[in-house]
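As given, the protein sequences belong to chains A and B, one line each in that order.
Residue 505 in the numbering used here sits at position 43 of the first sequence, with consecutive numbering throughout.
Residue 310 in the numbering used here sits at position 123 of the second sequence, with consecutive numbering throughout.
Reading through the structure tokens given below for one structure.
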Amino acid sequence: MRNLIAIGAVLTMAAAVPVVAHHAFGGEFDPNKPVLLKGKMIKLEWVNPHAWLHIEVPKSDGTQACQFTPNSKCEEWMVEGGTPNTLLRRGITKESLTVGTELVIDGYQARDHSLNRANGRNITYPDGRKLFLGSSGTGAPTDGADPTEAPKGRGRGGQ
Amino acid sequence: MKRSILTALVASLALSGAAAGQMKNTVLPRTADGHPDLTGTYDLAMLTPLERPNGMPAVMSDQDAARLERQVVEQNRALDKAIDGNRAAPPKGGDGSVGPAGNVGGYNNFWLDRGSQYSIVDGQRRTSIVIDPQDGRVPALTPDARQRQAARLAQFRPTSDQTESNDPGLEPAGAYDDPERRPLGERCLLGFGSTSGPPVLPNYFYNNMHQIVQTPDSVMILTEMVHDARVVRMNAKHLPPSIRRWMGDSIGSWEGDTLVVDTTNFTDKTRFRGSTPEMHVVERITRVDAKTLKYRFTIEDPATWTKPWTGEYTWPATNERIYEYACHEGNYAMGNILRGARLREKTQTNQK
């Protein structure tokens, strides 16, 4: 019986921690406009309250010349992430992620469809590893499991 | 007020055992004027919620706490795992995520720092911040407060404590009518979830850093998010009732080795769980050891709660740094939200 109570308590506890966020995601992004973006990062706005990654997505009717794919047109997208402060404390800086890094991002477009903006529901490298976490030397939090990992905060980022 | 302090004391004594004896043997850092030195940076991220979940005892065993804390570590590991690099876009109509993720999935867990341990007060792993009432729950709202709440909901004017609708989609019409109707956190004016307080509470999300700077005349409590500095004037009198402040008017005094901060003169623009501008908060900050402060607060607002209530938790010192939370620097979200609402209105008008 004691175990049962303990298990019940654990489940209740896990569900009870309140979670709030800085702003209304539901008001900003449109659940009816899912997007999958594949492209290379061209700029990183390491700002509060949310970091924004800019990527260029190759597209035949793109509005600008691609920086990283020669002789091709690209469309620029802005992707919303979280606060950079948390990552800074783990030693991850703006320099941990280099321009030109290839990314795969899924999310939902802003409710204003004239804006190429989306939330970074998942931001990964092309092989599916999560950004900052999936690659040695990104300056991601280390658990000592990988002796080749660069010292905290000294990562080169990207692949 | 006396009654509430007495109740808090009784509740505290019931919870703590030999805590007083432990403290006497500790040499506490002191300032030149002889008071305990509260200076430092503290990380308030923790797992202990404000209110005790149903069925939980007030204090957890070390084993239960360890098991729950391990669950959180494992949950974070699972969320950090790689996913399919060749995945498709998420489902049309939303991904079903609720709460802050707003049916669009929010963003990756690696941005977050929710806390990974339960608060240890007087050697006890606590299951709630609230210690009085003894059930660990905030007392019931008065009928008057419930009426105010209903009236507010009818007007759709969320403020500091009401960050957003739990509805995965949109908030009711009117909530996006103008910037002033958006929550203070979204507007980059104050933190969400009473981060700046008083009472100061963790937000169970990220950026729970606070810094105390202390002089004989004033004590400043800096909240990382959203860059709020509350200056406690020592041994001063409260401002006249006509002067109202977003975080109230805080005056301080020493009761032995405890800093007592008394705050009144709140505005009607901020609101802690439905409180009125007449809310009265008494905070008691005590240095327990070189790395820990004990933070206790008692709240009184007869127009809101049926009785005063008290909470406490520890503020562990950290070597981490506070960073500027320059919220206005890149608050694209605000524009996106309001612009989206205007376009919806336009579409709806054209359809008529």
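Where is the CB? At the ideal position from N, CA and C, for every residue including glycine.
Item                                                                                                                          : Value
DSSP beta-bridge partners of Ala337 of chain B                                                                                : None; Ala337 of chain B has no bridge partner.
Near-chain B residues of the region 483-509 of chain A - C-beta to any C-beta below 7 Å                                       : Ala483, His484, His485, Ala486, Phe487, Gly488, Gly489, Glu490, Phe491, Pro493, Asn494, Pro496, Val497, Leu498, Glu507, Val509
Interfacial residues, the region 283-307 of chain B to chain A, with Cβ spacing under 7 Å                                     : Gly286, Pro287, Ala288, Gly289, Asn290, Val291, Gly292, Gly293, Tyr294, Asn295, Phe297, Trp298, Leu299, Asp300
Buried versus exposed, by CB contacts within 10 Å (16 or more), Val285 of chain B                                             : exposed
Outcome for Leu549 of chain A when other beta-carbon atoms lying within 10 angstroms are tallied against a minimum of 16      : buried
Continuous alpha helix (DSSP H) stretch holding Gln538 of chain B: start and end                                              : 519-538
One or two residues paired with Asp449 of chain B in a DSSP bridge                                                            : B:Ile438, B:Val469
Burial state of Ile430 of chain B, where buried means 16 or more other Cβ atoms lie within 10 Å                               : exposed
Members of the region 518-539 of chain A that neighbour chain B once the beta carbon cut-off is set at 8 Å                    : none
Beta bridge counterpart(s) of Met247 of chain B as assigned by DSSP                                                           : B:Arg312
Cβ contact check for the region 461-468 of chain B and the region 291-304 of chain B: 3 or more pairs under 8 Å               : no
Beta-carbon proximity check, Glu367 of chain B vs Ser315 of chain B, cutoff 7 Å                                               : no
Residues that Gly280 of chain B contacts on chain E, provided the C-beta gap is smaller than 8 Å                              : The chain labelled as chain E is not found among the protein chains of the depicted structure, namely A and B.
Short-range partners of chain A found in the region 212-236 of chain B, where Cβ spacing is below 8 Å                         : Leu234, Pro236
Spatially closest choice to Glu542 of chain A from A:Glu507, A:Asp492, A:Phe594, by CA coordinates                            : A:Glu507
Arg254 of chain B to Arg335 of chain B span [Cα, whole Å]                                                                     : 41 Å
Cβ-Cβ distance between Ile472 of chain B and Gln398 of chain B below 7 Å                                                      : no
Members of the region 356-376 of chain B that neighbour chain A once the beta carbon cut-off is set at 7 Å                    : Gly356, Leu357, Glu358, Tyr363, Gly372, Glu373, Cys375
Any C-beta of chain A under 7 Å from that of Ile524 of chain B                                                                : yes
Alpha carbon of Pro511 of chain A to alpha carbon of Asn523 of chain B, nearest angstrom                                      : 14 Å
Neighbour flag for Asp267 of chain B against chain A, beta carbons, 7 Å                                                       : yes
Touch test, the region 322-337 of chain B against the region 270-279 of chain B, Cβ-Cβ under 8 Å, three pairs minimum         : no
Close-in-space but distant-in-sequence residues of the same chain around Phe491 of chain A (CB under 8 Å, 5 per side omitted) : Gly569, Tyr570, Gln571, Ala572, Arg573, Ala580, Asn581
Contact set between Ala338 of chain B and chain A, taken where Cβ atoms lie within less than 9 Å                              : The contacting residues do not exist; Ala338 of chain B stays about 22 Å from chain A at best.
Best match in B:Gly361, B:Leu234, B:Asn452, B:Ser383 for proximity to Gly427 of chain B [C-alpha to C-alpha]                  : According to the sequence provided, residue 427 of chain B is Pro. The question's Gly does not apply to it. The shortest C-alpha separation from Pro427 of chain B is found at B:Asn452.
Nearest to Trp441 of chain B (by Cα), restricted to the options B:Trp433, B:Val419, B:Thr457                                  : B:Val419
Contact set for Thr454 of chain B: own chain, Cβ-Cβ below 7 Å, skip 5 residues either direction                               : Arg431, Arg432, Trp433, Pro464
Cβ distance (whole Å) where Glu470 of chain B is taken to contact Phe484 of chain B below 8 Å                                 : 5 Å
Counted within 10 angstroms of its Cβ, other Cβ atoms place Asn353 of chain B as buried (16 or more) or exposed               : A caution first: Asn353 of chain B carries a pLDDT of 43, below 50, which makes its placement in the model unreliable, though a value can still be read off. The residue in question, Asn353 of chain B, is exposed, as its Cβ has fewer than 16 Cβ neighbours within 10 Å.
Beta-carbon proximity of Tyr305 of chain B to Ala362 of chain B, cut-off 7 Å                                                  : no
Environment of Arg583 of chain A [buried if 16+ CB atoms lie within 10 Å]                                                     : buried
7 Å Cβ cutoff met for Val468 of chain B and Pro385 of chain B                                                                 : yes
Stretch pair the region 485-499 of chain B + the region 310-330 of chain B: three plus CB contacts closer than 8 Å            : yes
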